[in-house]
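Some notes on the structure that comes next.
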Amino acid sequence: MPSTLPPCWIEICAGCGRTRHNGAWRDPEPGECPDSVRTHDICPDCIRTLYPGYVRVAERLRREARSAPSVSNENEQTP
Ligand SMILES: [Zn+2]
Numbered sequence: 060m061p062s063t064l065p066p067c068w069i070e071i072c073a074g075c076g077r078t079r080h081n082g083a084w085r086d087p088e089p090g091e092c093p094d095s096v097r098t099h100d101i102c103p104d105c106i107r108t109l110y111p112g113y114v115r116v117a118e119r120l121r122r123e124a125r126s127a128p129s130v131s132n133e134n135e136q137t138p
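Below, the structure written as structure tokens:
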């Protein structure tokens, strides 16, 4: 087992203090991973509460990224 990998990452919501596990946010359990590397994030609920304007921007960026045409599809062929 390689020992260079970080033991475990825990994302903590800076707004409500919940932690993220497999994409779901829930209340932290004491001592669940004492060696974890902690990083701060913001859960979707707090984004809506704290940054209502950012939600709209994020949704628009997601929509545009999905509907954007492939950049490599330029018409560079010569007839
Ligand atoms: Zn939160």
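Numbered according to our numbering, the sequence shown spans residues 60 to 138.
Idealized CB from N, CA, C, for every residue including glycine.
Shown here, Arg77 sits in coil according to DSSP, grouped into three states, outside any helix or strand.
Following the DSSP letters along the chain, one finds Ala124 in no beta strand (DSSP E) but inside the alpha helix (DSSP H) bounded by residues 111-126. Any heavy atom of ligand 1 within less than 5 Å of a residue's beta carbon puts that residue on the list, which reads Cys72, Gly74, Cys75, Cys102, Cys105. Arg97 has Ile69 as its beta-bridge partners, per DSSP.
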